[in-house]
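Report on the following structure.
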DNA sequence: CTGATTAGCAACTATATGGTTGCATGAAGG
DNA sequence: CCTTCATGCAACCATATAGTTGCTAATCAG
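Residue numbers (full-length UniProt numbering), protein chains in the order written: chain A, 1 to 109; chain B, 1 to 109.
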């Protein structure tokens, strides 16, 4: 339903960095923030923040809007649902087959 | 409640590769498979498969068991729930933008 | 025992990634 | 107009990642 998204691997890869997860956390309150705002408490350069935002943008996790001289980013949470669905699919498939087969080896040397 | 896993970033990073997602998909039926079995249809070497499995192991996504001369891998889906919870937290915070407190609960069927 | 199979170890290569710095550009604001 | 602030662009560096090959060790099937 999301539309523009790419592969799940690309999405998870975008989530696979602590700095980017922090940026998502900052945007999770629904606010719009500029690049400098988003990098305010971070120990990295503005350019590094911009690159991270590019990755998030490429995965469809944020949206860019230009406002005057600054660029504002907002979270786009639809694609998070895609990630969740992928996880649920794997989990439910695993749960389903576990009910059928009981030859589950729990060997620990 | 999963226990052994590290940061969410590490977990998502482990999921951020199409080959590894494929391996997880293969194991999602609850089966135990050896390294060669898991690499059977893949265009990469056995060693490459082993490295991917190491990454999945490091993220707590699979479990290793030695059986004779082969090493069997099984999916360990608890940590998938952790990933899902992280996504749900962000999403629910975004949904309830104005201080609506919403519990993220572990639904366990 | 012999030979095939499964895996581990190590070295090596190529590319991706996360980070930096320097400089240029465009929009506010006095 | 001149300065300041927020970006953009490009080159560059170091490390991580994904992959390879070669060789060794252990286990299973004859």
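Cβ coordinates follow ideal geometry from the N, Cα and C atoms, glycine included. Computed from a predicted structure; not experimentally measured.
Using only the alpha-carbon positions, how far apart do residue i and residue j sit?
i, j, result
"residue 71 (chain B)", "residue 21 (chain B)", "20 Å"
"residue 55 (chain B)", "residue 14 (chain B)", "6 Å"
"residue 24 (chain A)", "residue 81 (chain A)", "14 Å"
"residue 41 (chain A)", "residue 8 (chain B)", "20 Å"
"residue 19 (chain B)", "residue 52 (chain B)", "8 Å"
"residue 68 (chain B)", "residue 12 (chain A)", "35 Å"
"residue 10 (chain A)", "residue 31 (chain A)", "24 Å"
"residue 89 (chain B)", "residue 78 (chain B)", "17 Å"
"residue 97 (chain A)", "residue 48 (chain A)", "44 Å"
"residue 85 (chain A)", "residue 85 (chain B)", "12 Å"
Here's a check: name, in chain order, each residue in its chain whose Cβ is nearer than 8 Å to the Cβ of residue i, leaving out the five neighbours to either side.
i, result
"residue 46 (chain B)", "35, 36 and 39"
"residue 26 (chain B)", "33 and 38"
"residue 44 (chain A)", "19"
"residue 66 (chain B)", "72"
Can you tell me whether DSSP reads residue i as helix, strand or coil?
i, result
"residue 7 (chain B)", "coil"
"residue 31 (chain B)", "coil"
"residue 70 (chain B)", "strand"
"residue 61 (chain A)", "coil"
"residue 42 (chain A)", "coil"
"residue 107 (chain B)", "Only weak support is given to the placement of residue 107 (chain B): the predicted model assigns it a pLDDT of 36, under 50, and the question is left unresolved by the model."
In its own chain, which residues sit with a C-beta less than 7 Å from the C-beta of residue i, not counting the 5 before and 5 after it?
i, result
"residue 64 (chain B)", "57, 71 and 73"
"residue 28 (chain B)", "75"
"residue 102 (chain B)", "Only weak support exists for where residue 102 (chain B) lies, its pLDDT of 43 falling under 50; the coordinates are left without a value."
Going along the chain, which residues of its own chain have a beta-carbon closer than 6 Å to the beta-carbon of residue i, five neighbours each way excluded?
i, result
"residue 50 (chain B)", "35"
"residue 100 (chain B)", "In this prediction, residue 100 (chain B) has a pLDDT of 42, which is less than 50 and means its spatial position is unreliable; nothing more can be read from the coordinates."
Between residue i and residue j, how many whole angstroms is the CB-CB distance? I'm expecting something under 8 Å.
i, j, result
"residue 75 (chain B)", "residue 83 (chain A)", "Residue 75 (chain B) to residue 83 (chain A), Cβ: 18 Å. No contact."
"residue 16 (chain A)", "residue 16 (chain B)", "4 Å"
- Is it a yes or a no for the stretch 87-96 of chain B touching the stretch 54-70 of chain B, going by three-plus beta-carbon pairs under 8 Å? no
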